[in-house]
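There are 2 protein chains.
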Amino acid sequence: MPAATKRAKAKPSPAGRRGRGRPKQEADSADVRAALLDAARRLFSERGFHEVSTREIAREAQANPAMIRYYFEDKEGLYKAMLQQVFQRLLAGVGELAAGTRDESPIAEVLNLYARTLFRDPWIPRLLIREVLSDGAPFREEFIEQFARPASKLLPELLEREKAAGRLRDDLDPTLGTLSLMGMTLFPFLAFPVAGRVFGIRLDDDFRERFLDHTLRMFTNGAEKT
Amino acid sequence: MPAATKRAKAKPSPAGRRGRGRPKQEADSADVRAALLDAARRLFSERGFHEVSTREIAREAQANPAMIRYYFEDKEGLYKAMLQQVFQRLLAGVGELAAGTRDESPIAEVLNLYARTLFRDPWIPRLLIREVLSDGAPFREEFIEQFARPASKLLPELLEREKAAGRLRDDLDPTLGTLSLMGMTLFPFLAFPVAGRVFGIRLDDDFRERFLDHTLRMFTNGAEKT
C-alpha cells in the first residue's frame, strides 16, 4: 500500500484536540495504520458503521485503541480513510488501464480488474449500497467527487479510443456503452443477496472464469464493428 | 387494478382485533383501498417506512385513517401490500411476455417492459435497495419467494427458447445471459444517485429511446448466432 504508507509518513500528526501524541513504536507505525484500515474494512463491511466499536477494531488489528485517535482522530475518520483507500485503489487501477499502454484488449483488462476486485472483496457492493446508493447515504458526495466523477471519464474515453481504432462500431454511444459494461459487471454483485440465491451462484473460480468469458464476449460482440 | 379490486371484494373483513368494522361507503371501498396503496407507494418511496405515518397516508389518499386499519390492519400490513402489488404487476408482465405468444422479438418486449416500468416509477430501485438489497433489509425473503424466484425462471426459459429457435447462439449460458440483460437494464437505475449525476442523465423520453435502442442492440448483437 504505497499511498497509505506515504501519507502516514508525510502527515504524522493528525491527532486532534484530545490526541495522545506520537506512538512509541516508530518503525511499525505504517504497519499499525495499515492493520487498522484492514480491520476496519473487515468489521465495517460485515456489520456497518454503527455496530462496530473502535475498541473492537483495535483488538482485531492487535493495536492500542489510542492509535485510532492518533491516525484517524475518531471512528468516522477511520471509516472515511478506509472507504477512500478502497476506492482510490480501484480508481488507480482503472486509470492505469484506461491509459491504454499495455495490451490489445483494454476492455478485457478493465473487466478483469473489476471482476477480480469484486470476487476478492464481495463486500464492496454491500458497502456501496449502504454508504453511497441508499437514500441519505453518508458517503455519497465524497464517493462521487473522489471516485465516480474521475472514473466516469476514463471508460467513455477508452471506448472512444476503441472506436477510433476501428474495433468498436462508430454509432456506439460511449456513455451508454459504459453503463452497459458496468451494469453487466456490477449488477450480479449489487444484486447478490437475491441473485446469488435464486440462481444458486457461488463466487468461486469456476464461476469467475465463466462470468468473465461470457461478459467479455457479450460486450465485445454487442459493441463491435460488424 | 383487477387483482386489488377482487381481493378487496372477496376478503372484506381483515380488520384485526381493534378494527372498526366495515366502512360505510360500500361502492367506493375498492377505490379507497387503491387510493391508500397509491398514497403509500408515493410517500414510502420518497421517505421510507419509518418516516411516514398512517395519518399522512390517509390524508394523501383523502381517506379516513380507520380505513388503513380496516384493509391492512396496520402500517406494516399496508406497506407489505404496497410492495406486493408493485412486484406482482411486474411479475405478471414478465410472465405474459415470457409465455411468448405475441411477437417475433420477446427480448425487446421484456426490455421495454422493464424500461417502461423504471422510467415511469424510478423510485422502484430505491425501494429495492432499501427493502431488499441492504444488509438486514426487511422485505428480502418475501421479495425472493414471491417475485425473484418465479421471475428468475422466466427469463432463462425465454433465452432457451430463443436459442432453440436459432436466434441466439448455442453456447449462451441462459443464467449469465439473464444476469447481463438485467444488469444492462437495471444498473443505471440502481446506481442512479451516482450515475445520473456523473453522466448528467435525465430520465426523459429522449434518453429512454436511446437507452432502449442501445441496450436491445447490445444484448442481441452480444448474444445472437453469428
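Chains as they are written, first to last, in the working numbering: chain P, 4 to 229; chain B, 4 to 229. We put the beta carbon where it would ideally sit given N, CA and C, even for glycine. For clarity, every value in this text was computed on a predicted model and none was experimentally measured.
### Message
Does the region 167–182 of chain B come into contact with the region 191–207 of chain B, if we say contact requires no fewer than three beta-carbon pairs (one atom in each stretch) closer than 8 Å?
### Response
no
### Task
Starting from Glu227 (chain B), follow its DSSP beta bridges and name the residues at the other end.
On the second sequence, residue 227 (chain B) is found 224 positions in, with the first residue counted as 1. Within the DSSP bridge table, the entry for Glu227 (chain B) names B:Leu171 as partners.
### Query
From B:Lys83, B:Leu94 and B:Ser32, pick the residue whose C-alpha is nearest to that of Ala154 (chain B); which is it?
To locate residue 154 (chain B), count along the second sequence from 1; it is residue 151. Selected option, being the one with the closest Cα: B:Leu94.
### Query
When you check each C-beta in the region 174–195 of chain B against every C-beta of chain P, which residues fall closer than 7 Å?
Asp176, Thr178, Leu179, Leu182, Ser183, Met185, Gly186, Met187, Leu189, Phe190, Pro191, Leu193 and Ala194
### Query
Which residues mark the beginning and the end of the alpha helix (DSSP H) in which Asn115 (chain B) is found?
What you label residue 115 (chain B) is simply residue 112 of the second sequence in a count that begins at 1. Unbroken alpha helix (DSSP H) run through Asn115 (chain B): Pro109 to Arg123.
### Task
Leaving aside the five residues before and after Thr218 (chain B) along the sequence, list all residues of the same chain whose C-beta is less than 7 Å from its C-beta, in chain order.
Position 215 of the second sequence, counted from the start, is the residue given in the question as residue 218 (chain B). Excluding residues within five positions, the ones whose Cβ falls inside 7 Å are Leu114, Met187 and Thr188.
### Query
Anyone know if the C-beta pair for Asp124 (chain P) and Val89 (chain P) falls short of 9 Å?
In the first sequence, residue 124 (chain P) corresponds to position 121, counting from 1. In the first sequence, residue 89 (chain P) corresponds to position 86, counting from 1. Yes.
### Message
Which residue wins for smallest C-alpha separation from Ile147 (chain P), given the options P:Arg200, P:Gln91, P:Phe122 and P:Val197?
### Response
Looking up residue 147 (chain P) in the first sequence gives position 144. For Ile147 (chain P), the nearest C-alpha among the options comes from P:Gln91.
### Message
Short of 6 Å in beta carbon distance, which residues of its chain neighbour Phe192 (chain B), apart from the five on each side in sequence? Order them along the chain.
### Response
The residue given as residue 192 (chain B) occupies position 189 in the second sequence. Closer than 6 Å at the Cβ level, and outside the excluded window around Phe192 (chain B), lie Leu121 and Pro128.
### Query
For Leu136 (chain B) versus Ala194 (chain P), is the C-beta spacing smaller than 9 Å?
Residue 136 (chain B) sits at position 133 when you count from the first residue of the second sequence. Residue 194 (chain P) sits at position 191 when you count from the first residue of the first sequence. Taking 9 Å as the Cβ cut-off, Leu136 (chain B) and Ala194 (chain P) qualify as a contacting pair.
#### Entry: For Phe192 (chain P), three-class secondary structure by DSSP
Against the first sequence, residue 192 (chain P) aligns to sequence position 189. Reduced to three states, the DSSP call for Phe192 (chain P) is helix.
### Close beta carbons around Ile132 (chain B), own chain, < 7 Å, minus the five adjacent residues each side
Residue 132 (chain B) sits at position 129 when you count from the first residue of the second sequence. Cβ neighbours of Ile132 (chain B) beyond the five flanking positions: Leu193.
### Query
Val118 (chain B) CB to nearest chain P CB: under 9 Å?
Position 115 of the second sequence, counting from 1, holds the residue named residue 118 (chain B). One detail in the question is off: residue 118 (chain B) reads as Ala in this sequence, not Val. For Ala118 (chain B), the answer is no, since every Cβ of chain P falls outside 9 Å of its Cβ.
### Query
Should Tyr74 (chain B) and Val35 (chain B) be called a contact, given that it needs their Cβ atoms to be closer than 9 Å?
Stepping through the second sequence from its first residue, residue 74 (chain B) is reached at position 71. Stepping through the second sequence from its first residue, residue 35 (chain B) is reached at position 32. For Tyr74 (chain B) and Val35 (chain B), yes; Cβs fall inside 9 Å.
### Rounded straight-line distance, which links the Cα of Asn67 (chain B) to that of Gly199 (chain P)
Taking the first residue of the first sequence as 1, we reach residue 199 (chain P) at position 196. Taking the first residue of the second sequence as 1, we reach residue 67 (chain B) at position 64. Roughly 43 Å between the two C-alpha positions.
### Task
Check whether the Cβ atoms of Arg143 (chain P) and Val197 (chain B) sit closer than 9 Å, and answer yes or no.
Working through the first sequence from its first residue, we reach residue 143 (chain P) at position 140. Working through the second sequence from its first residue, we reach residue 197 (chain B) at position 194. Yes, these two residues count as a Cβ contact at 9 Å.
### Query
When Cβ atoms are compared, which residues of the region 67–99 of chain P fall closer than 8 Å to chain D?
The structure shown contains no chain D; the protein chains it does contain are P and B.
### Query
How many angstroms separate the CA atom of Ala151 (chain B) from the CA atom of Ala38 (chain B)?
Position 148 of the second sequence, counted from the first residue, corresponds to residue 151 (chain B). Position 35 of the second sequence, counted from the first residue, corresponds to residue 38 (chain B). Ala151 (chain B) and Ala38 (chain B): Cα-Cα distance of roughly 26 Å.
### Message
Ala33 (chain P) and Ile60 (chain P) - do their beta-carbons sit closer together than 9 Å?
### Response
Walking along the first sequence from the start, residue 60 (chain P) turns up at place 57. Walking along the first sequence from the start, residue 33 (chain P) turns up at place 30. Not a contact, by the Cβ cut-off of 9 Å.
### Query
Is the Cβ-Cβ distance between Gly225 (chain B) and Met221 (chain P) less than 9 Å?
The residue you call residue 225 (chain B) lines up with position 222 of the second sequence. The residue you call residue 221 (chain P) lines up with position 218 of the first sequence. Their beta carbons are under 9 Å apart, which means Gly225 (chain B) touches Met221 (chain P) by this criterion.
#### Entry: Integer-rounded CB distance, given that Phe190 (chain P) should sit under 8 Å from Leu182 (chain B)
Within the second sequence, residue 182 (chain B) is the residue found at index 179, counting from 1. Within the first sequence, residue 190 (chain P) is the residue found at index 187, counting from 1. About 7 Å; that satisfies the 8 Å criterion.
### Message
Between Ser137 (chain B) and chain P, is the shortest Cβ-Cβ distance under 9 Å, so that the two count as touching?
### Response
Within the second sequence, the letter at position 134 stands for residue 137 (chain B). Closer than 9 Å: yes.
### Residue-chain proximity (Arg51 (chain B), chain P), Cβ-Cβ < 9 Å
Sequence index remark: in the second sequence, residue 51 (chain B) carries index 48 (1-based). Contrary to the premise, residue 51 (chain B) reads as Gly rather than Arg in this sequence. Chain P, which has a Cβ nearer than 9 Å to the Cβ of Gly51 (chain B), makes this yes.
### Query
What is the DSSP secondary structure of His217 (chain P), counted as helix, strand or coil?
As a first step, residue 217 (chain P) must be located in the first sequence, where it is residue number 214. Helix, per DSSP.
### Query
Where do the ends of the alpha helix (DSSP H) carrying Leu206 (chain B) lie?
One-based indexing of the second sequence puts residue 206 (chain B) at position 203. Premise fails: Leu206 (chain B) is in no alpha helix (DSSP H) and is neither H nor E.
### Message
Here's the rule: buried if 16 or more other CB atoms are within 10 angstroms of the residue's CB, otherwise exposed. What is Glu134 (chain B)?
### Response
Reading the second sequence from its first residue, position 131 is the one you call residue 134 (chain B). Buried is the call here.
### Cβ-Cβ separation, Ser56 (chain P) to Trp126 (chain P) (assumed contact under 8 Å), whole Å
Taking the first sequence and counting its residues from 1, one reaches residue 126 (chain P) at position 123. Taking the first sequence and counting its residues from 1, one reaches residue 56 (chain P) at position 53. Between Trp126 (chain P) and Ser56 (chain P) a beta carbon distance of about 19 Å is seen, past the 8 Å cut, so the two are scored as non-contacting.
### Task
In angstroms with no decimal places, state the Cα-to-Cα distance between Gln87 (chain B) and Gly51 (chain P).
Against the second sequence, residue 87 (chain B) aligns to sequence position 84. Against the first sequence, residue 51 (chain P) aligns to sequence position 48. Looking at the two C-alpha atoms, the distance is approximately 28 Å.
### Task
To the nearest angstrom, report how far apart Arg20 (chain P) and Glu145 (chain P) are at their CA atoms.
What you label residue 20 (chain P) is simply residue 17 of the first sequence in a count that begins at 1. What you label residue 145 (chain P) is simply residue 142 of the first sequence in a count that begins at 1. Bear in mind that a pLDDT of 38 at Arg20 (chain P), under 50, signals an unreliable position, so the model cannot answer this.
### Task
Output yes if chain B places a C-beta closer than 9 Å to the C-beta of Asn115 (chain P); else output no.
Numbered from its first residue, the first sequence carries residue 115 (chain P) at position 112. No, Asn115 (chain P) lies away from the interface with chain B (no Cβ there is under 9 Å from its Cβ).
### Query
Which residues, in order along the region 54–65 of chain P, keep a beta-carbon less than 7 Å from a beta-carbon of chain B?
none
### Task
For Arg213 (chain B), return the contacting residues in chain P, with the cut-off set at a CB-CB distance below 8 Å.
Translated into positions along the second sequence, residue 213 (chain B) becomes position 210. Those within 8 Å of Arg213 (chain B) in chain P are Asp176 and Leu179.
### Residue nearest to Phe112 (chain B) in terms of C-alpha spacing, selected from B:Leu184, B:Arg45 and B:Phe210
Counted from its first residue, the second sequence places residue 112 (chain B) at position 109. Note on residue identity: the sequence assigns Glu, not Phe, to residue 112 (chain B). When only C-alpha atoms are compared, the closest one is B:Leu184.
### Query
For the region 197–209 of chain P, which residues have a beta carbon sitting closer than 7 Å to at least one beta carbon of chain B?
Along the region 197–209 of chain P, going in chain order, the ones with a CB nearer than 7 Å to a CB of chain B are Val197, Ala198, Arg200, Val201 and Phe202.
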